[in-house]
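**Q** Chains as they are written, first to last, in my numbering: chain A, 1 to 260; chain L, 1001 to 1268.
Sharing a structure, written as C-alpha cells. Questions coming.
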Amino acid sequence: MIEVRGLTKRYGSTVAVDALSFDVRAGMVTGFLGPNGSGKSTTMRLIMGLDAPDAGHARIGGRPYRALRWPLREVGALLEAHTFHPGRSAHHHLMALAASNDIPRSRVDEVLGVVGLAGVARRRARKFSLGMAQRLGIAAALLGDPGVLLFDEPVNGLDPQGVRWVRDLLKSLAAEGRTVLVSSHLISEMALTAEHLVVIGQARLLADTSVAELTGRGGSLEEAFLDLTGSSAEYRGGDPSGDRAATPAPTATPTGERSS
Amino acid sequence: MTAMTARLQRVPPGHYRFRQVARMEWIKLRSLRSTTWILLATLAGMIGIGILVMANTRAPVTAADKASFDPTNNVLAGVALGQLMIGVLGVLVMTGEYSSGMIRSTLAAIPNRPLVLVAKAAVFGVVTLAVGETVTFVAFLAGRAVLGAGVPQPSFGQPGVLRAVAMSGVYLCLIGLMGLGLGAITRHTAGGIAALAGVLFVVPLLLVGATRGPQIAKYFPTFIAGNSMGVAKPVADMLSPWAGFGLLWAYTAAVLGIGGWLLARRDA
Chain A
1 MIEVRGLTKR
11 YGSTVAVDAL
21 SFDVRAGMVT
31 GFLGPNGSGK
41 STTMRLIMGL
51 DAPDAGHARI
61 GGRPYRALRW
71 PLREVGALLE
81 AHTFHPGRSA
91 HHHLMALAAS
101 NDIPRSRVDE
111 VLGVVGLAGV
121 ARRRARKFSL
131 GMAQRLGIAA
141 ALLGDPGVLL
151 FDEPVNGLDP
161 QGVRWVRDLL
171 KSLAAEGRTV
181 LVSSHLISEM
191 ALTAEHLVVI
201 GQARLLADTS
211 VAELTGRGGS
221 LEEAFLDLTG
231 SSAEYRGGDP
241 SGDRAATPAP
251 TATPTGERSS
Chain L
1001 MTAMTARLQR
1011 VPPGHYRFRQ
1021 VARMEWIKLR
1031 SLRSTTWILL
1041 ATLAGMIGIG
1051 ILVMANTRAP
1061 VTAADKASFD
1071 PTNNVLAGVA
1081 LGQLMIGVLG
1091 VLVMTGEYSS
1101 GMIRSTLAAI
1111 PNRPLVLVAK
1121 AAVFGVVTLA
1131 VGETVTFVAF
1141 LAGRAVLGAG
1151 VPQPSFGQPG
1161 VLRAVAMSGV
1171 YLCLIGLMGL
1181 GLGAITRHTA
1191 GGIAALAGVL
1201 FVVPLLLVGA
1211 TRGPQIAKYF
1221 PTFIAGNSMG
1231 VAKPVADMLS
1241 PWAGFGLLWA
1251 YTAAVLGIGG
1261 WLLARRDA
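Listed below in C-alpha cells is the structure:
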C-alpha cells in the first residue's frame, strides 16, 4: 500500500506536484491518469525517493522509500524507458540489480523469460527498440518479486500484443494481492486495466475514485476524464517553463495570455 | 509469453549492506567494454612509453648529470598518459550512470546514496590499484631490460626505487578516484573530463607560466607524480614523496566527499 500526503514539488517557479494526497490500495490496479506534464512521473519519482519533495511525504507500507530494507524485493518500478546503460546487456543489467538486493541469479533468467527477452539478453542493450527497452524495465520491476509495483506509462512503444500482455500482467499482479500503480495518459487503456483511478491535472488531484463511479456519471470514461481535466484547463494555458515572474500556481488565477 | 508465476513472498530479514552494493558495482564495472578497453590501453600505452624512453636513455657524462640521473623517473614517464586514461574512466563510471538513466535504477535498488558512492569507489579503487601497480612494475622491468649497455641500471635495492614505482601505481588509483568524484560533482561526461584535464594539465601549466616556476604548480597532482612520488632521487624545491602522497589522498578524499554530499542532496 502506498500513501501520499500533501506531496509538493517545485522546480524553480514551476509547481510540478501540488499538495497531492491519495492512497494506492493492494489487490487492485490503480490507474494514475492525467494529461502530459501533469506531474505523474514526478509523483512516481517522489514516491521512489529519487527526488526530494518540498513538502509532504510518500510512504510505502508505512515507511519512506529510503527506509526499505531490501528495496527491490519490496517495490518494483518501471520509471521510464531508459534506466539502463546502453553498453551493458540486459542479463548483466539485471544481474547487477539482483546482486544489490541478494536476489538469486535464477530469478534473472526467470524474469527475462517472462518479458520475452531471453533470446537477446546477452546482447548490449544499445540496439534495443523502445518496446524491448520497456520490457527490460518491466523485467527489472519484477526482479525482486515485490508486493508494490509502480509503472510509468508501461505500454509506450509496445505493439498491440505487447499492450495486451502488459494489461494482463498488471491485472494478474493485482490479483495476487499486490499494490499496482500505473500511470498513463491513455484513457482507453486505463478503462480496460484499472479498477481505481487517481486523476491529476496541472499538478493537482482532480479525482480519486473507482472507474465504475467515474463512468457512472454518464457517458464514457473519456468524457468523464475530459470533463475533469477540462475544468482545470484554465491552468493549462501558459508554458510553465522559464517565466520567472510567473505567479505561484496554487492561489493565482492565470490571466490568459502572458508572453514574457 | 508465459504468465507470471511469481507468488507473494515475505521480504527476508536483514537489509542491504556494503557487500551487496559492492557486488552490484563490480558487475556493473566489468560488464562494460569501455572498462576493459581503457584499462588495456593504459597498460599498453604506459609500458610502451617506458620501453621507448628507456631505449633512448643515455648514460650520464658529467658529474652533475650522474648525481641527478634517475632512470626510475624516466621509466615512469607513461604516468602522464595513464593518469588521464584512468581518470577519464573514473569520470565515465559515474557520468555514464547519469547519461544513460542507470542512476535511477541504481538508487532505486540502493537508496542509501553515500553507500552507493563508497561501494563504487571501493570497487573502482581496488581495480585501478591492481592495474596501476601492475603497469608501473611491468613498465619498470620492461624498460630496464631495454636500457642500453653502459647505462647504470636501477634496481629495487637502491634507495627510493621501490617506493617510487609502488607509489606511482597508487597514484593512478587516486587519480581514478578523483575522476569518479569529479563525475559525481559534474554529472556530465564532458564537464567531468574537462575538470580532470584542467586539474591534471591545464591549470598547473598555466601556473608555471604565470609564476615563472613551480611554486604553486608543485601542489598539483601531475607535479607531485612526476617530481615527488615518481622519483628515486629527490628533486629540489619539490614536495617530499610522502608529503605529496599525503596531499593526494587529501585531495581525493575531498573530491569524493563533495561528490557524495552532492549525490545525497540532489534529485536524481
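Glycine is no exception: its CB is placed at the ideal position from the N, C-alpha and C atoms.
1. With a threshold of 8 Å between beta-carbons, can V1170(L) be considered close to chain A, or not?
2. How far does the alpha helix (DSSP H) with R135(A) in it extend, from its first residue to its last?
3. From F1069(L) to Q1153(L), what distance separates their C-alpha atoms?
4. If G113(A) and R135(A) are in contact, beta carbons under 8 Å, what's the gap, nearest whole angstrom?
5. Determine contact between the stretch 175 to 191 of chain A and the stretch 29 to 48 of chain A, defined as no fewer than three beta-carbon pairs at a distance below 8 Å.
6. Going by DSSP in three states, S89(A) sits in which element: helix, strand or coil?
7. Nearest to I47(A) by alpha carbon, out of S1034(L), P1111(L), R1030(L), E1025(L)?
8. What whole-angstrom Cβ distance do I200(A) and L7(A) have, given they're in contact under 8 Å?
9. Write down the C-beta distance between I103(A) and G144(A) rounded to the nearest angstrom, noting that I regard them as a contact closer than 8 Å.
10. Does the count of Cβ pairs from the stretch 1189 to 1203 of chain L and the stretch 1103 to 1123 of chain L closer than 8 Å reach three?
11. Based on Cα-Cα distance, which residue from R88(A), D109(A), P160(A) lies nearest to G131(A)?
12. In chain L, what lies closer than 8 Å to F84(A) by C-beta?
13. If you drop the 5 nearest sequence neighbours on each side, which residues of the same chain put their C-beta closer than 8 Å to that of M1317(L)?
14. Since I believe R59(A) is in contact with E3(A) (beta carbons under 8 Å), could you give me their beta-carbon distance rounded to a whole number of angstroms?
15. By the 10 Å Cβ neighbour count, where 16 or more other Cβ atoms means buried, how is L1206(L) classified, buried or exposed?
16. Our contact map puts G1209(L) next to A1139(L) with C-beta atoms below 8 Å; I'd like the distance itself, whole angstroms only.
17. Closer than 7 Å by C-beta to A194(A): which residues in its own chain qualify, once you throw out the five before and the five after it? Chain order, please.
18. Counting C-beta neighbours from all protein chains within 10 Å, is the total for G1014(L) 16 or more, i.e. buried, or is it exposed?
19. Would G49(A) and R73(A) be called neighbours here (beta carbons separated by less than 8 Å)?
20. Does any C-beta atom of chain L lie closer than 8 Å to the C-beta of L7(A)?
21. Since V17(A) contacts G39(A) with CB under 8 Å, what's their CB separation in whole angstroms?
22. If you drop the 5 nearest sequence neighbours on each side, which residues of the same chain put their C-beta closer than 7 Å to that of G1150(L)?
23. For G1183(L), which residues in the same chain have their Cβ closer than 6 Å to its Cβ, ignoring the five residues on either side in sequence?
24. Taking the continuous alpha helix (DSSP H) assigned at A1077(L), which residues delimit it?
25. Taking only the alpha-carbon atoms, compute the straight-line gap between V1202(L) and L68(A) and give it to the nearest angstrom.
26. With a threshold of 8 Å between beta carbons, is M132(A) in contact with chain L?
27. Could you work out which residues of chain A lie near Q1020(L), taking near to mean beta carbons separated by less than 7 Å?
28. Closer than 8 Å, CB to CB, is G1179(L) near chain A or not?
29. Just list the alpha helix (DSSP H) runs in the stretch 1037 to 1092 of chain L, keeping only unbroken ones of 4 residues or longer that don't cross its boundaries, in chain order.
**A** Quick answer:
1. no
2. First-last of the alpha helix (DSSP H) with R135(A): 130 to 142.
3. 11 Å
4. Incorrect: roughly 11 Å between the Cβ atoms, too far for contact.
5. Contact between the stretch 175 to 191 of chain A and the stretch 29 to 48 of chain A is present, because at least three Cβ pairs lie under 8 Å.
6. strand
7. P1111(L)
8. The Cβ separation is near 11 Å, so there is no contact.
9. With 8 Å as the limit, I103(A) and G144(A) qualify as a contact, their Cβ atoms being about 5 Å apart.
10. Verdict: no, contact absent.
11. P160(A)
12. The contacting residues are S1100, G1101, M1102, S1105.
13. Only positions 1001 to 1268 of chain L appear in this structure, which leaves residue 1317(L) out of reach.
14. 5 Å
15. exposed
16. 30 Å between Cβ atoms; not a contact.
17. V29, T30, G31, V182, V211
18. exposed
19. no
20. Output row for L7(A): interface = no.
21. Confirmed, about 4 Å.
22. A1059
23. V1091, M1094, T1095, G1192
24. From DSSP, A1077(L) is part of no alpha helix (DSSP H); its letter is neither H nor E.
25. 45 Å
26. no
27. A99, S100, N101, D102
28. no
29. Contiguous alpha helix (DSSP H) elements confined to the stretch 1037 to 1092 of chain L occur at 1063 to 1068, 1071 to 1075, taking only those with 4 or more residues.
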